[in-house]
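What follows is a set of notes on a single structure, which appears directly below.
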Amino acid sequence: MKPVLLCAAVYNLIFGAWVIFRPGDLFLWTGIDPPRYAGLWQCVGMIVGVYGIGYAIAAYNPIRHWPIVLVGFLGKTFGPIGMVFNVLQPESSAGRFPASWLWLNVTNDLIWWPFFAAILWHAAKTMNHTAAGHAPRPLDVLLESVRSQNGKTLGELSEGDGVMVLLVRHAGCTFCREALSDLAIVKAAIQSKRRLAIVHMGPEDDATANYFAGQGVGEVDRFSDPQCEVYRGLGIGRGRVTELFGPTVWWRGFLAAIIRGHGVGKLGGDGFRMGGLALIQNRKIVAAKPNTSAADRPDYAAFALGS
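Each residue of the sequence shown is one higher than the last, beginning at 1211 in the numbering used here.
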């Protein structure tokens, strides 16, 4: 994996530099007029070169930096689709590229497909193996041993009226931020009937405290679960490709990150782990609702108060 990503990095940096410093070469070689605004084509060269920097970083830890490889793979998939669509336009169409430009997709995209796909497949298998390699403690043990930042156990919180547990995805995920924002709006209604708890995959430190406080749920009992024992104990598994990267997820991600302003952050935990809800009362699971998609947006109040 490392040699492949380093080769991709070198190729992208060379190609990007060529386009930036000699933007007219490719147009002249293929017999079409250079663009009127060469700066736009040079911007493409800049983007390609920046990808090269990303590949160089990913080369030294491809498993950890699989999102960089994924973004590159998506670019190498959508790029040829767009080029073919352009080439198939009528010859009279303005801005149509000649068929000779398809060779650019061969060197820029197609030859890298099997290598990038193999890296992503290996990353998925490795992360699945790592996640499955640590058997979780029995749920009854977890309920009494895992403590929140306030020193309480899930078992203690479940006594009486019970506790609704929100298990969020990794902190960098825009859907995690959206979930916490949604919870902050209805937490008073939920806490009027039940206790509330959050399980997350990050460490319990000042940065985590500030993160949850910034989302409006800083006082809610939260449980750090980097090994995902509580997740697995409550039936929250790891998502399939369609559940994590399907069209609905991309569209919802755009709405949550850009339109609603939740943004995104760096990966902080198991990026394949799903989220979900659980209702625990007197140390028994009364109801559980694992997410079926990374983009799920449950009605937290209805789940907590209607059960």
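We put the beta carbon where it would ideally sit given N, CA and C, even for glycine.
If you're wondering where the values come from, they're calculated on a predicted model, not measured in any experiment.
Cβ neighbours of residue i in the same chain (closer than 7 Å, five flanking residues each side left out)
i, result
"A1467", "T1384, G1473 and V1474"
"W1323", "K1286"
"K1476", "G1382"
"D1296", "Note on identity: in this sequence residue 1296 is Asn, with Asp being the wrong assignment. Once the five neighbours on either side are set aside, the close Cβ partners of N1296 are R1306 and F1307."
"T1240", "P1308, S1310 and W1311"
"P1508", "L1487 and K1499"
Cross-strand partners of residue i (DSSP beta bridge)
i, result
"Q1491", "K1494"
"L1406", "M1374"
"D1156", "Nothing in the structure corresponds to residue 1156, since the chain is present only between 1211 and 1517."
"S1434", "H1410"
"T1363", "R1357"
"R1483", "R1448"
"K1499", "L1487"
Residues near residue i in its chain [Cβ-Cβ closer than 8 Å; skip 5 each side]
i, result
"Q1252", "V1229, I1230 and P1233"
"L1515", "A1399, I1400, K1403 and R1404"
"L1465", "none"
"Y1270", "K1212"
"M1293", "F1307, W1311, L1312, L1314 and N1315"
"A1342", "With a pLDDT of 49 at A1342, under the threshold of 50, the modelled position of this residue cannot be trusted; read the value that follows with caution. The answer is none, since no qualifying residue turns up."
Cβ-based burial, residue i [other Cβ within 10 Å; buried from 16]
i, result
"L1238", "exposed"
"L1364", "buried"
"P1272", "buried"
"S1368", "buried"
"D1319", "buried"
"V1351", "exposed"
"E1429", "exposed"
"V1176", "This structure cannot speak to residue 1176, because the chain is shown only from 1211 to 1517."
"W1331", "exposed"
"V1281", "exposed"
"R1450", "exposed"
Same chain only: Cβ atoms within 6 Å of residue i, ignoring 5 sequence neighbours per side
i, result
"G1255", "G1226, V1229 and I1230"
"M1211", "P1272 and I1329"
"Y1510", "L1393 and V1396"
"A1248", "P1233"
"L1349", "G1443"
"A1266", "A1219"
Exercise for the section: Flag this pair as touching only if the region 1396 to 1407 and the region 1498 to 1506 have three or more C-beta atom pairs under 8 Å; answer yes or no. Expected result: With the cut-off at 8 Å, the region 1396 to 1407 and the region 1498 to 1506 do not touch.
Practice task
At 4 residues or longer, and completely inside the region 1255 to 1307: list those alpha helix (DSSP H) runs for me, N to C.
Solution key: At a cut-off of 4 residues, the continuous stretches assigned as alpha helix (DSSP H) that sit fully inside the region 1255 to 1307 are 1276 to 1297.
Problem - Three or more C-beta pairs below 8 Å linking the region 1372 to 1381 and the region 1481 to 1492 - result: With a cut-off of 8 Å on Cβ pairs, the region 1372 to 1381 is in contact with the region 1481 to 1492, counting three or more such pairs.
Exercise for the section: Pick out the complete alpha helix (DSSP H) segments inside the region 1440 to 1475, 4 residues or longer, and give them in chain order. Expected result: Segments of the alpha helix (DSSP H) lying fully in the region 1440 to 1475: 1451 to 1455 and 1457 to 1464.
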